[in-house]
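Okay, structure first, notes after.
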Amino acid sequence: MEHKLHIYNTLHRKKEQFVPLHSPNVGMYVCGPTVYGDAHLGHARPAITFDILFRYLMHLGYKVRYVRNITDVGHLENDADEGEDKVAKKARLEQLEPMEVVQYYLNRYHRAMDELNVLSPSIEPHASGHIIEQIEFVQKILDSGYAYESEGSVYFDVEKYNKDHRYGILSGRNIDDMLETTRELDGQSEKRRSVDFALWKKASPEHIMRWNSPWSVGFPGWHLECSAMGTKYLGEEFDIHGGGMDLIFPHHECEIAQSCAALKKDTVKYWMHNNMITVNGQKMGKSLGNFITLDEFFTGSHPMLAQAYSPMTIRFFILQAHYRSTVDFSNEALQASQKGLERMLEGYARLQKLTPSDKSTVDVSGLRAKCEEAMCDDLNTPIVISHLFEALKAINLVHDGKETISAEDLNELKSVFDLFIKDILGLKTVNDNSAGADAYKKAIDLLLDIRLEAKKNKDWATSDKIRNELTALGFEIKDTKDGFEWKL
RNA sequence: GGUUCCUUGGCCGAGUGGCUAGGCACCGGUCUGCAAAACCGUCUACGGCGGUUCGAAUCCGCCAGGAACCUCCA
């Protein structure tokens, strides 16, 4: 397969050419949401980033299996040792079954992702549905000697692992420094070392989400699900593992150690991490309480929002920055994206109606290659968008009759716009193809035709009445050189 | 404190040694019965101070400011 897709591998801190282990198949695992609350803008970033990667890999001709997990057990509330399961806690607060809470937020998550036009992953495994696999995984690590049991819980022996392998390979951490800086916190812990992490936790009596295991009635450690489920669905070695940058340590670092300890090999070839969305320069996050949920964006129902922002505006906003840069949220930035997107989509609609000429006075030949090149350079969507805006200029000039385009070039332009705007960037271009919608559009066109007649007869009263009444109903009427355009 | 990273024009945001990304706003123009919208054009920035180089936003050093991770987090 001929292409030069390069992606940034966190493991080596540089861009590398993407070469699948088993072309044309590609295995990709991305850390999904913990379903104990509504998804906020921060959750949209990895979903969209890896949606783009998913789409682009498919465009390149790969057969992609995209696994995105649902974390519904195992994340502890406070400290590693004394906390309680987040989902269980929320359940007790709301007097619901834990799985009821999971289902509720999962449904809402799916709805938000649909709105953002994020494709469904190939497999969306639940941690709670893979307890057996996780127990087996713990056993493998115990068998290999890199874990120990302590009072019904099982911990990963980081120090021992570090002697044979290197713990900290992904995050650049040094275990000796970590032992020094955290020594004070050691105390009555069941762990040998503060850097050790839980593979299995014995449940305290009030802990409702619990399963039988060889060691105790309890629940799996927080990092285990990804190792177990990634291996199950993608194999012991697979191509890409993604997630937010904040997961590099400890989550992904621990995953690497676990998998390597259990399987005696490196599991993931390319580690990819999206950067954070910030508010006033600070990370938007659940624990900081400075988050705005996606539904709040869609409805505008949050004090920090000056208006509602459509899902496509959110998507476009995120795509206008490179995924490894932080993006600062602000109403100004979002409004700028909204306007830019509207202009782009109007240009797209205009492109469909352009009439070709004998020859072109505009040059569209390099567009496809330039967009491909930008995508191949670590998914540089902002550059793709800038190329599309450049092409938009040509579309508008042809539309205004200032330039001409040949039928061949027009087809190429349409093809490139369809490919990049719809298939790769995943932007929805106004649709509504239902019969009812069609009739309604024709009715508006009819009204505006009548207005056009009135204008020709200099019947300003009728002309203005139609325009004013439609405007009052929420329509935007634009007079053009030889007719009109409108939208809601 | 340790590790990693960032600082670009009014705002957002690309860019890794030479070839002024792009968007939004502003301003100018075109179109128009009026208006709105649309369209076209303009706006040459790179935290500070040194250094390397024929040449630096881009490489190196120092300083200033900010962020992420080190505890759950996308």
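The first sequence lines up with residues 11 to 498 when you count with my numbering.
Cβ atoms here follow ideal geometry from the backbone N, Cα and C, with glycine treated the same way.
Rounded to whole angstroms, what's the CA-CA distance from residue i to residue j? Just pull it up for me.
i	j	result
R378	L15	15 Å
H332	A471	51 Å
A3	N222	Examination of residue 3 is not possible in this model, given that the chain is present from 11 through 498 alone.
E486	W232	52 Å
K279	K438	33 Å
N284	A208	26 Å
E413	V372	7 Å
A122	E247	32 Å
D428	S154	52 Å
K452	L355	21 Å
K475	G493	17 Å
G291	D338	6 Å
W496	S473	15 Å
L304	D410	38 Å
F301	Q113	22 Å
V394	A384	6 Å
D186	D174	15 Å
K293	L257	14 Å
I328	K242	32 Å
Taking residue i as the reference, give the member of the options with the closest Cα.
i	options	result
K170	G310, I151, R220, S163	I151
T288	R334, V168, R202	R334
K369	A417, L437, S214	A417
S226	W281, I145, G178, I185	I145
E216	D95, P366, H262, Q348	D95
S425	D489, L462, Y358, T490	Y358
C270	E356, A343, D167	D167
E125	R183, A49, M68	A49
H140	G47, F64, G240	G240
E352	M314, F307, L304, L402	L402
N184	V205, E200, K201	V205
A482	Y18, L498, D469, V128	L498
T323	I405, P366, K275, F308	F308
L180	N19, K25, K468, C236	N19
A316	G299, A343, F327	A343
E235	L423, K275, L106, E134	E134
T81	S367, Q105, T44	T44
G295	L361, H397, A54	A54
L106	A404, S214, M219	M219
Exposed or buried, which one is residue i when buried takes at least 16 other CB atoms within 10 Å?
i	result
G310	exposed
S297	exposed
A157	buried
N79	buried
G52	buried
G376	exposed
G399	First, the amino acid is wrong: residue 399 is Phe here, not Gly. Exposed is the call here.
N172	buried
D249	buried
A238	buried
T490	exposed
P212	Strictly speaking, residue 212 in this sequence is Lys, with Pro absent from that position. So K212 ends up on the buried side.
G254	buried
N117	exposed
M314	exposed
E265	buried
A346	exposed
V111	buried
T277	buried
P131	buried
L456	exposed
E306	buried
D419	buried
Would residue i pass as a contact of residue j if the rule is Cβ separation under 8 Å?
i	j	result
G252	P56	yes
P34	K73	yes
V97	Y165	no
G436	R325	yes
G245	G42	no
C381	F430	yes
A137	V77	no
Q330	P260	no
L389	I58	no
S163	G228	yes
Q17	M282	Checking the sequence shown, residue 17 turns out to be Ile, not Gln. Yes, they are a contact pair.
I434	L364	no
Tell me the start and end of each unbroken alpha helix (DSSP H) in the stretch 138-221 that is at least 4 residues and wholly inside, in chain order.
Fully contained in the stretch 138-221 are the following alpha helix (DSSP H) runs of length 4 or more, in chain order: 141-154, 168-174, 185-191.
Pick out the complete alpha helix (DSSP H) segments inside the stretch 326-384, 4 residues or longer, and give them in chain order.
Here the runs fully enclosed are 341-363.
Pick out the complete alpha helix (DSSP H) segments inside the stretch 257-288, 4 residues or longer, and give them in chain order.
With a minimum length of 4 residues, the continuous alpha helix (DSSP H) runs that stay inside the stretch 257-288 are 263-273.
Runs of 3 residues minimum, wholly inside the stretch 37-82: which ones carry the beta strand (DSSP E) assignment?
Within the stretch 37-82, the beta strand (DSSP E) runs of at least 3 residues that lie entirely inside it are, in chain order, 73-78.
Give, in chain order, every unbroken run of the alpha helix (DSSP H) that is at least 4 residues long and sits entirely within the stretch 419-485.
Taking only runs of at least 4 residues, the alpha helix (DSSP H) segments lying wholly in the stretch 419-485 are 445-466, 470-482.
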